[in-house]
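**Q** Okay, so the sequence shown: first residue is 0 according to numbering that gives the first Met the number 0, each after it adds one.
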Amino acid sequence: MMRFSVALLYLVASLGMALLTSALHFDRDPRSCLAAMLDGSAHRPFILRRLVPDVIGTLTRWTPQAWQERTVQLVKQLPPPLPRLLLGREPRVAFAHLMLVLSVWGCYWGVLCLWKALFEGLLVRRDVGARHAVPVLCFVGFAVPVWALPLLGLGGVYPLLNWRHGVHLYDPATLLLYSAALWALLNEKSRLYGLLFALALWHKETALLLIAWWVVGNGVTGTGRTGRRVWLDAALMLSLYLAVRLWLAWRYQGNPGSAFEFWWQEENLPLLTSMVTEFGGRPFRFLLILLIAVALPAWGWRQKPLSLRQRMLIGLVVMGIPWLLFGILDEFRALLELYPLWLMLCLPGGYSLPFSKATAPSGTVNRS
0 MMRFSVALLY LVASLGMALL TSALHFDRDP RSCLAAMLDG SAHRPFILRR LVPDVIGTLT
60 RWTPQAWQER TVQLVKQLPP PLPRLLLGRE PRVAFAHLML VLSVWGCYWG VLCLWKALFE
120 GLLVRRDVGA RHAVPVLCFV GFAVPVWALP LLGLGGVYPL LNWRHGVHLY DPATLLLYSA
180 ALWALLNEKS RLYGLLFALA LWHKETALLL IAWWVVGNGV TGTGRTGRRV WLDAALMLSL
240 YLAVRLWLAW RYQGNPGSAF EFWWQEENLP LLTSMVTEFG GRPFRFLLIL LIAVALPAWG
300 WRQKPLSLRQ RMLIGLVVMG IPWLLFGILD EFRALLELYP LWLMLCLPGG YSLPFSKATA
360 PSGTVNRS
């Protein structure tokens with residue numbers, strides 16, 4: 000009964016987050032809006048992120064036109080602002096936008112369930128003989144149910160990543176893919192990890208992070224695979240990565256925009272200068288979010304699982320360098336792929352990985 004109640008709560012919460020996502024600058028950028036992504040006219044580098052628009056486009060083409068029109072008319076009869084949130088602003092892709100919002104709902108629900116599984120694997124506090132005890136996190140004298148932590152991560156912290164620049168249509172799928180990849184890696188589900196890597200290749204150029212995680216998780220920490228096998232796997236993954244990404248770049252080479260965007264003169268230098276000349280709301284929010292993002296994982300850093308720390312450090316190299324060179328500094332969405340791992344590292348120290356034999360006692364260093 001408890002699991003059913005939590006799953007139902009996650010469904011309601013993820014629906015609310017999907018509607019909120021649709022309201023907050025979602026699908027409004029003409030360079031990367033759904034209509035442009037579907038007809039192939041979107042700007043680079045957005046057009047190169049194909050998984051979500053290709054899935055939505057395929058589902059739309061497979062749905063009879065008469066059924067699409069009836070569905071759109073039914074949605075228009077809903078009380079406002081639901082028609083605008085569900086159908087978007089472009090009438091010719093109204094049904095596709097509805098499919099997109101439903102997919103966002105599904106992504107958020109999947110993310111909540113995956114985070115719950117990850118948190119429960121990391122923090123199991125059950126009394127001996129209590130078969131149905133609810134795992135809780137004891138923090139500063141308060142007992143927080145583990146099922147509530149994903150709600151806090153998605154509803155409380157995740158919006159801070161998008162406070163200024165909104166949400167791209169592929170961001171929820173990014174969150175789901177990398178949450179699932181982290182779960183598969185920690186639970187040694189190699190085939191599932193390979194499938195997720197294949198999807199990530201088509202989804203976004205940041206699939207390179209999954210190669211780095213694979214090497215760190217198997218070659219450095221040693222989970223049963225030989226070093227030679229790990230590096231052969233990494234070489235194959237890198238070859239596939241280059242083949243897919245270069246083919247997409249060639250296919251859309253005539254689109255406007257560029258593969259790399261430079262924002263230093265337009266966005267980053269004014270932000271850094273304002274910290275000295277005019278310390279307003281934007282630099283304050285940037286520094287506050289940055290402080291929280293660094294302080295929470297750093298608290299009890301050495302008491303947290305070694306493999307999680309290693310994956311975060313290699314992830315900061317793989318994701319952080321492009322963010323500093325080509326991204327907007329206060330657009331923390333650029334590090335979205337690391338967010339599930341960051342959440343795990345925000346927990347107080349003294350816990351173990353899901354496949355560990357036992358939970359490390361508080362105050363000890365777990366080398367899982």
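No residue lacks a Cβ here, since even glycine has one placed at the ideal position from N, Cα and C. Just so it is clear, the structure is predicted and the values come from calculations on it, not from any experiment.
For Gly319, which beta-bridge partners are listed by DSSP?
**A** Here residue 319 corresponds to residue number 320 of the sequence shown, with the count starting at 1. Its beta-bridge partners do not exist; DSSP assigns none.
**Q** Quick check on Gly256: does DSSP put it in helix, strand or coil?
**A** The sequence position of residue 256 within the sequence shown is 257, counting from 1. In this structure, Gly256 counts as strand in the three-state DSSP scheme.
**Q** Does the separation of the CB atoms of Leu346 and Met311 fall below 8 angstroms?
**A** By 1-based counting over the sequence shown, the position of residue 346 is 347. By 1-based counting over the sequence shown, the position of residue 311 is 312. No, these two residues do not count as a Cβ contact at 8 angstroms.
**Q** Report the rounded CA-to-CA distance for Gly39 versus Arg244, giving the unit in angstroms.
**A** Numbered from 1 along the sequence shown, position 40 holds the residue referred to as residue 39. Numbered from 1 along the sequence shown, position 245 holds the residue referred to as residue 244. Roughly 16 angstroms separates the two Cα atoms.
**Q** Note down the Cα distance separating Gly314 from Ser273, rounded to an integer number of angstroms.
**A** Translated into positions along the sequence shown, residue 314 becomes position 315. Translated into positions along the sequence shown, residue 273 becomes position 274. Their Cα atoms are separated by approximately 29 angstroms.
**Q** Closer than 6 angstroms by C-beta to Arg83: which residues in its own chain qualify, once you throw out the five before and the five after it? Chain order, please.
**A** On the sequence shown, residue 83 is found 84 positions in, with the first residue counted as 1. Answer for Arg83: no residue qualifies.
**Q** Could you tell me whether the region 165-179 touches the region 194-205, using the rule of 3 or more Cβ pairs below 8 angstroms?
**A** The region 165-179 vs the region 194-205: in contact.
**Q** Determine, using beta carbons only, whether Val100 and Ala17 come nearer to each other than 8 angstroms.
**A** As a position in the sequence shown, residue 100 is number 101, starting the count at 1. As a position in the sequence shown, residue 17 is number 18, starting the count at 1. Against a cut-off of 8 angstroms, the Cβ pair of Ala17 and Val100 comes out as a contact.
**Q** Looking at Leu85 and Val74, is the spacing between their C-beta atoms short of 8 angstroms?
**A** Taking the sequence shown and counting its residues from 1, one reaches residue 74 at position 75. Taking the sequence shown and counting its residues from 1, one reaches residue 85 at position 86. Taking 8 angstroms as the Cβ cut-off, Val74 and Leu85 qualify as a contacting pair.
**Q** Taking only runs that begin and end inside the region 16-99, name each unbroken alpha helix (DSSP H) of 4 or more residues, in chain order.
**A** Listed in chain order, the complete alpha helix (DSSP H) runs (minimum 4 residues) inside the region 16-99 are 33-38, 50-61, 64-75 and 81-86.
**Q** Do you know how far the Cα of Val214 is from the Cα of Arg308?
**A** Here residue 308 is taken as the residue at index 309 of the sequence shown, counted from 1. Here residue 214 is taken as the residue at index 215 of the sequence shown, counted from 1. Going by the C-alpha atoms only, they are around 14 angstroms apart.
**Q** Confirm, please, whether the CB-CB distance from Gly256 to Arg43 is below 8 angstroms.
**A** If you number the sequence shown from 1, residue 43 lands on position 44. If you number the sequence shown from 1, residue 256 lands on position 257. Going by C-beta atoms, Arg43 is nearer than 8 angstroms to Gly256.
**Q** Using the C-alpha atoms, what's the distance from Pro78 back to Leu209?
**A** For the purposes of this step, residue 209 is identified with residue 210 of the sequence shown, where counting begins at 1. For the purposes of this step, residue 78 is identified with residue 79 of the sequence shown, where counting begins at 1. Straight-line Cα distance between these residues: approximately 43 angstroms.
**Q** Give a yes or no on contact between the region 25-40 and the region 151-159, applying the rule of three or more CB pairs nearer than 8 angstroms.
**A** No: the two stretches stay apart, fewer than three of their Cβ pairs being nearer than 8 angstroms.
**Q** Buried or exposed for Arg48, please, with buried defined as at least 16 other CB atoms from any protein chain shown within 10 angstroms of its CB.
**A** By one-based count along the sequence shown, residue 48 stands at place 49. Burial call: buried.
**Q** So the alpha helix (DSSP H) Val275 belongs to, where does it begin and stop?
**A** Counting from 1 along the sequence shown, the entry for residue 275 is found at position 276. Leu268 to Thr276 is the span of the alpha helix (DSSP H), which, as asked, contains Val275.
**Q** Under the three-state reduction of DSSP, which class applies to Asp232: helix, strand or coil?
**A** Position 233 of the sequence shown, counted from the first residue, corresponds to residue 232. Asp232: helix per DSSP, three-state reduction.
**Q** Below 7 angstroms CB to CB, which residues in the same chain sit around Ala35 once its five sequence neighbours on both sides are set aside?
**A** Reading the sequence shown from its first residue, position 36 is the one you call residue 35. Excluding positions up to five away in sequence, the list reads Pro29 and Ala41.
**Q** Going straight from the alpha carbon of Gly15 to that of Lys203, what length do you get?
**A** Within the sequence shown, numbered from 1, the residue matching residue 15 stands at position 16. Within the sequence shown, numbered from 1, the residue matching residue 203 stands at position 204. Each residue's Cα considered, the two are about 26 angstroms apart.
**Q** Pull up the CB-CB distance for Thr20 and Val103, whole angstroms please, since I reckon it's below 8 angstroms.
**A** Your numbering for residue 20 matches position 21 in the sequence shown. Your numbering for residue 103 matches position 104 in the sequence shown. Going by Cβ atoms, the distance from Thr20 to Val103 rounds to 6 angstroms, so yes, they are a contact pair.
**Q** Using 8 angstroms for Cβ pairs, my map puts Leu270 next to Asp329. What's the rounded Cβ distance?
**A** By 1-based counting over the sequence shown, the position of residue 270 is 271. By 1-based counting over the sequence shown, the position of residue 329 is 330. About 6 angstroms separates the two Cβ atoms, so the contact holds.
**Q** Given a cut-off of 8 angstroms on the beta-carbon distance, is the pair Trp182 and Ala258 in contact?
**A** Position 183 of the sequence shown holds residue 182. Position 259 of the sequence shown holds residue 258. No.
**Q** Once DSSP output is grouped into helix, strand and coil, what is the label at Met311?
**A** Position 312 of the sequence shown holds residue 311. Helix.
**Q** Out of Leu111, Trp146, Leu334 and Gln76, state which residue places its alpha-carbon closest to the alpha-carbon of Leu289.
**A** Here the question's residue 289 lines up with position 290 in the sequence shown. Closest by alpha carbon: Leu334.
**Q** What is the DSSP secondary structure of Asp329, counted as helix, strand or coil?
**A** As a first step, residue 329 is located in the sequence shown; it is residue number 330 there, counting from the start. The answer is coil: DSSP assigns Asp329 none of H, G, I, E or B.
**Q** In terms of alpha-carbon separation, which member of Thr205, Asn186 and Tyr240 lies closest to Gly216?
**A** Here residue 216 refers to the residue found at position 217 of the sequence shown. Cα-wise, what sits closest to Gly216 is Asn186.
**Q** Pull up the distance between the alpha-carbon of Trp263 and that of Phe278, whole angstroms please.
**A** As a working mapping, residue 263 is identified with position 264 in the sequence shown. As a working mapping, residue 278 is identified with position 279 in the sequence shown. Cα to Cα, the separation comes out at about 19 angstroms.
**Q** So what does DSSP say about Cys345, is it helix, strand or coil?
**A** Locating residue 345 in the sequence shown gives position 346, counting from the first residue. Residue state, collapsed to three classes: coil.
**Q** Quick one: what does DSSP say Leu168 is sitting in, helix, strand or coil?
**A** In the sequence shown, counting from the first residue as 1, residue 168 sits at position 169. Three-state DSSP puts Leu168 in coil, outside helix and strand.
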